[in-house]
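Read top to bottom, the protein sequences are chains G and Y.
This note's numbering puts the first sequence at residues 1 to 242.
This note's numbering puts the second sequence at residues 1001 to 1844.
Even glycine gets a Cβ: it sits at the ideal position worked out from N, Cα and C.
All remarks here apply to the structure that follows.
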Amino acid sequence: MSTAAARVAGATKVFGEGEASVTALDDLTVEFEQGKFTAIMGPSGSGKSTLLHCIAGLDTLTAGSALIGEVNLGELNEKDLTLLRREKVGFIFQAFNLIPTLDAAENITLPIDIAGGDPDQTWFDTVVDTIGITDRLSHRPSELSGGQQQRVAAARALVSRPAIVFADEPSGNLDSKSGAELLGFMRHAVDEFGQTIVMVTHDPNGAAYADRIVFLADGRLVGELLDPTADQVFEHLKSMGD
Amino acid sequence: MFKIALRSVLLHKLRLTLTAVAIILGVAFVSGTFVFTDSMKASFDDLFEDVNSQVDFYVRGTSEFGSSAATLEESIVDSIRSIDGLDVVVPSVDGIAQLVDKAGEPIGGAGPPTLGFSYLPGGEGLSPLDIRQGDSWPTEAGQVVIDAFAAEANELSVGDVIDVITPIGVEPFEIVGIATFGEADNLLGATLAVFEFEEAQRVFDMEEMISSVSLTVGGGVDRTLLQASIADLLPDQVEIVTAEEQTDDELSEVDEGIGFINTILLVIAGVAVFVGAFIIQNTFRIIVAQRTKELAMLRAVGATGRQVTFMVGLEALIVALVASAVGIGVGVLLAMGIKAAFTAFGFGFPGGPLTIRARTIIVGMAVGVIVTLISALLPARKASKIPPIAALRDVATSAKDLSRRLVAGLIVTSLGVVLLAVGLLLDLENAISMVGFGALLTFVGVSILAPLFARAFARTAGKPLPRFAGTIGRLAQENAMRKPRRTAATASSLMIGVALVSVIAVFSASAKAGVAEVFEDDFTTDFQVALDGFSDPRFTGLSPALTDDLRQLDELSVVARMRIGEYRVTGDSAEKFLLGVDGGIDQVVRLEIVEGSFADFRDGAALLFEDEAELLGVGAGDSITIEVPSGAMLDLDIAAVFAGDALGAPLVVTMPTYVEHLTFRLDRFIFALKSPDVTESEARAAVDAVAGPYPNANVTNTDELIGDIEEQIDSLLNLLVVLLGFAILIALLGIVNTLVLSVSERKREIGLLRAVGTTRKQVKQMIRWESVLIAVFGGVLGLVVGTTLGVATVAAVGQGLKVAIPSGQLITYVVAAALGGVIAAIPPSRAAAKTNVLDAIAYE
Ligand SMILES: Nc1ncnc2c1ncn2[C@@H]1O[C@H](COP(=O)(O)OP(=O)(O)OP(=O)(O)O)[C@@H](O)[C@H]1O
Ligand SMILES: [Mg+2]
């Protein structure tokens, strides 16, 4: 248990009420290991994003609990949730990751700046270097390619050394080469720096970068793969489809 | 198209609501002004018609211009009575009488006149006054009837004995009755004292004299013949007029007063509408920008550019119609509010319902619709230029815009400045409207140029922000810079208010500096006696008895006074002020005689200000003919031509000449010089003792006098600032509007900031700083433009003014603007803090 960076137990999320209500998460229990790269897969509408939002403190569960480390998110007020996100959580969204008025470097240090802290310069350099955007640091997002933007977002998610990084289809908008670069970098961050990453993806090749894949369907856990290869993922998805 | 436009209005309800508020406020001010002044006029029409319907003819002194008329010999009454066919003949005496409250403070006199009338038994039916039930008219010496407002406000009632200041001095009178003007407790703030007829002649220093005679005609008499036969009896400068003519004359005097109020209110309404136009334009521009994709989509599916323009215009029209209609309604409420405020402050006017004329509604609708359509024109045209491709990707605006903006801005600004200069420097008939239009163009020009410095301003002024507000400050700064046009347009509306306030501040500081200089340099007097507070020199003054008393003092060596009157050179030239002065004036005022000699200044002679001499093309030794208000022509020999601002009037005559030809009987100013053998404090004590019983007299030395005048200027300044506060309020609404729209536009960004750990408080801070930057930008622009305009105006007006820039006060305005920015940020920052993170990051 102590190795879990984040977990949900009996997590239920219902949107809407009565007739029109949708159960996005249905009594789901899952945990994400410390220092591991976990991928979440499942058909569209299976509750992947909802799970990510709830465990990251962006949304609240209807029932059950979500914990980051030993902190139960349900017990935090709005302000503490914000501070927790700032200190413990990193994000990479599918798009709109960057503030257009800030340049790349400023975007990367944004969470630290907002918290009023000082970025660790060597760590910053390491991250930026690894991610390969050193020469783009003074550019604004509008001057960066989509792939570069996503890498800046990844750097931002890592630079404050959060306990856990959540990524929702980070390569969804990228071509396969840029996508592979981004995922390679994420893999690298897990291996080299011991970063914990949880990523939602639709792409079996992407999922193969992960240490573990959890499969969701209708808000429930329906399968799991350890140290997957792309072929295994294909197989598994096919068997789920049947 | 109509359907799309209507849908769009409904969809953008929120953003359009604030635009609507700007229109509503402007229209409300315009229509409220009309409703108020129309109602006022209507009630006066009724009152005077009612009053004069009892009378057939008036015999009165002629009055060609100004506010005083010739007086009549009382003997005229008997010769009129000798004519057959007349029913009632009632002479009356009018004058100025100021009431004194129980605490010894004079009542009224600060603006509206303090009127005195006579009462003769049998004349009550012919009087505009109604006496309160149970009270009596004054029938004996020592009795007075006062107006209901003065009575109520000062807790005076029948049986009380009060002092009344009249031309012959201060005397106690017993209140025997309280009177009203129809339903009104007083007439536009005028106070009233009615005396028994002979008593009135005595206190107004009009023994054997009267002001007018009211006549009624018996049945079956030929009026035209009667009027002609009376006219034959009358000497020069006395005339007989019908009641209708009298009504018209009285109304035209009241109308002049109402017209003045009307003009002031309309100017403020105009400023409000003008500021509102900026906000409307900005809102539509932002809405068009935010809907670029939607409009481009319309283009893509085949709508023409013209159709898109039409659609945006139609949206504006819908908003304008609704908002203008609401504005007119609010205007009626506003009129009721102004009326209540006037009554509460003691400016009563006769009752009657609110008058809502078709003109009010038409003008209100027209103002709202036209201003909105003109404001929406540019954004609508811009909408038509959106290419269909914009639906698919972001299309950058070209840089060519900038140089065109520079040229356009410079042209409009220079045009404004030229008009201003022409209006200020050349002696033109419609100088005021020229100056007003010039100022308007200057504002528009500067607002066109403003986007060019918006970025630089935010960069410079916002520099300290990142240092003490960190990234939040930096984001605020960047946000203020990213849409310079938006920032500038928003700031421009605030600029107008701040600029006008700054002009007034510069003007009053310069007036104060000028006053101080004039009094310090040009007056050699030890003491002055003036009226307490602000007052209209035509309607009130010091009792001449005070001068007589002061002359008894051994402690004083010179006592010289001044009276103010009106004159004009020819029938159609401007009316100007003349002064009547006592001998010895040269000892208390440093007259800079540039031509001629003061020694020649005798009765029937005049001193002429050098500009006036130049204007008339005359010099010392020549003679001029002037017309006084009674219509009499007066030949004056020019004794000397003087320079300097000390006397402040173009023409000066001796007191005997004044008394012979003008009817005003009160003094404006008394100057005194102490005897060489007493100390200043001894002399002061003596003067104070003599002036003590005259409650409206204010004794000062030069320093105190300067202080008093400065205080009066300040209170006037404050009044104007409060009135202009309305325009500033609308401008702040504009900031609210812009920021609310910007926040909705930046929903994703704010959501992202929230996701990565920005607290709500920090988001609010970010919006607040952006708001402050915009507000300070507007404040600084206003300060620069206002100070420049103010200094230019002061320099152009010149006389009596000395350029002074009240930097402390001006800085206060910018600080106030910044605070306004903080307040304006409240709604948008709330909206921003509420941004839902999940909505914001949802990928559509
Ligand atoms: N705000 C919301 N209101 C109502 N229903 C919602 C909301 N958000 C998600 N849902 C519903 O919850 C279910 C799970 O949605 P979720 O976004 O988690 O799916 P997902 O697995 O991320 O799908 P995708 O792969 O398409 O991103 C869906 O049926 C969705 O319609
Ligand atoms: Mg999803």
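At the level of alpha carbons, what is the spacing between residue i and residue j?
i, j, result
"Gly1416/Y", "Val1444/Y", "9 Å"
"Ser1398/Y", "Ile133/G", "The predicted position of Ser1398/Y is uncertain, since its pLDDT is 48 and thus under 50; a value taken from the coordinates is nonetheless stated next. Between Ser1398/Y and Ile133/G, the C-alpha separation is close to 30 Å."
"Gly1648/Y", "Glu1610/Y", "12 Å"
"Arg1602/Y", "Thr1654/Y", "7 Å"
"Val1846/Y", "Tyr1567/Y", "Because chain Y is modelled from 1001 through 1844, residue 1846/Y falls outside the range shown and cannot be assessed."
"Val1785/Y", "Gln1799/Y", "23 Å"
"Phe15/G", "Leu1819/Y", "43 Å"
"Ile1750/Y", "Gly57/G", "17 Å"
"Asp1248/Y", "Ser1127/Y", "17 Å"
"Ile1564/Y", "Trp1769/Y", "55 Å"
"Gln1765/Y", "Met1481/Y", "17 Å"
"Ile131/G", "Phe185/G", "6 Å"
"Leu1295/Y", "Ile1386/Y", "7 Å"
"Asn97/G", "Asn107/G", "9 Å"
"Ala1832/Y", "Arg1746/Y", "9 Å"
"Arg1381/Y", "Val1407/Y", "20 Å"
"Leu1334/Y", "Ala1727/Y", "16 Å"
"Ser1551/Y", "Glu1660/Y", "Note on residue identity: the sequence assigns Arg, not Ser, to residue 1551/Y. Each residue's alpha carbon lies about 22 Å from the other."
"Ala1456/Y", "Thr109/G", "26 Å"
"Phe1598/Y", "Ile1670/Y", "20 Å"
Across which residues does DSSP place residue i in a beta bridge pair?
i, result
"Asp125/G", "BP columns for Asp125/G are empty, so no partner."
"Ala298/G", "Residue 298/G is absent from the structure shown; chain G starts at 1 and stops at 242."
"Pro1693/Y", "In DSSP, Pro1693/Y forms no bridge with anything."
"Tyr1119/Y", "Glu1196/Y"
"Glu1073/Y", "Met1209/Y"
"Gly1565/Y", "Leu1578/Y"
"Ala66/G", "Val8/G"
"Gly1169/Y", "Thr1166/Y"
"Gln1528/Y", "Phe1671/Y, Thr1700/Y"
"Met304/G", "Beyond the ends of chain G as shown, which are 1 and 242, falls residue 304/G; an answer cannot be given."
"Met1633/Y", "Glu1627/Y"
"Asp1686/Y", "Looking at the sequence itself, residue 1686/Y is Ala, so the reference to Asp does not match. DSSP, once it has assigned bridges, lists no residue as partnering Ala1686/Y."
"Asn97/G", "Answer by DSSP bridge pairing: none, since Asn97/G is not bridged."
"Leu1242/Y", "Residue identity differs from the one stated: residue 1242/Y is Thr in this sequence, not Leu. For Thr1242/Y, which the question treats as bridged, DSSP gives the partners Phe1057/Y."
"Ile1858/Y", "Given a span of 1001 to 1844 for chain Y in the structure shown, any question on residue 1858/Y remains unanswerable."
Let's test the definition: count the other Cβ atoms within 10 Å of the Cβ of residue i and tell me whether it reaches 16, buried, or not, exposed.
i, result
"Thr29/G", "exposed"
"Leu79/G", "Strictly speaking, residue 79/G in this sequence is Lys, with Leu absent from that position. Lys79/G comes out exposed."
"Met1633/Y", "exposed"
"Gln121/G", "exposed"
"Ile1374/Y", "exposed"
"Gln150/G", "buried"
"Gln1201/Y", "buried"
"Leu1732/Y", "buried"
"Glu1478/Y", "buried"
"Gly1541/Y", "buried"
"Val1301/Y", "exposed"
Taking CB distances under 9 Å as the criterion, tell me whether residue i reaches chain C.
i, result
"Thr1487/Y", "The question asks about chain C, but that chain is absent: this structure's protein chains are G and Y."
Query - Touching by the beta-carbon criterion (3+ pairs, under 8 Å), the segment 163-170 of chain G and the segment 109-129 of chain G - result: The segment 163-170 of chain G makes no contact with the segment 109-129 of chain G, as fewer than three CB pairs between them are under 8 Å.
Query - the segment 1148-1158 of chain Y touching the segment 1092-1109 of chain Y, judged by at least three CB pairs closer than 8 Å - result: yes
**Report entry** Every unbroken alpha helix (DSSP H) inside the segment 1104-1165 of chain Y [4 residues or more]
**Finding:** DSSP runs (the alpha helix (DSSP H)) wholly in the segment 1104-1165 of chain Y: 1148-1153.
Query raised in the report: Which ranges would you report for the alpha helix (DSSP H) in the segment 1367-1451 of chain Y if only whole runs of at least 4 residues count?
Result: Fully enclosed alpha helix (DSSP H) runs of 4 or longer: 1400-1425.
Report task. Check whether the segment 1763-1782 of chain Y touches the segment 1809-1826 of chain Y, counting contact only when three or more Cβ pairs, one atom from each stretch, lie closer than 8 Å. Result -> yes
Query raised in the report: Are there three or more Cβ pairs, one per stretch, closer than 8 Å when the segment 117-135 of chain G is compared with the segment 69-85 of chain G?
Result: Counting Cβ pairs under 8 Å, fewer than three are found: no touch.
**Report entry** the segment 1185-1192 of chain Y contacting the segment 1142-1152 of chain Y, beta-carbon criterion three pairs below 8 Å
**Finding:** Output reads yes: the segment 1142-1152 of chain Y touches the segment 1185-1192 of chain Y.
Requested in this report: Answer yes if the segment 1461-1474 of chain Y comes into contact with the segment 1433-1442 of chain Y, meaning at least three C-beta pairs across the two stretches below 8 Å, and no otherwise.
Outcome: They do not touch, by the three-pair rule.
Requested in this report: Flag this pair as touching only if the segment 1171-1189 of chain Y and the segment 1016-1028 of chain Y have three or more C-beta atom pairs under 8 Å; answer yes or no.
Outcome: No: fewer than three Cβ pairs fall under 8 Å.
**Report entry** alpha helix (DSSP H) segments (min. 4 residues) lying fully within the segment 1736-1801 of chain Y
**Finding:** 1747-1755, 1760-1797
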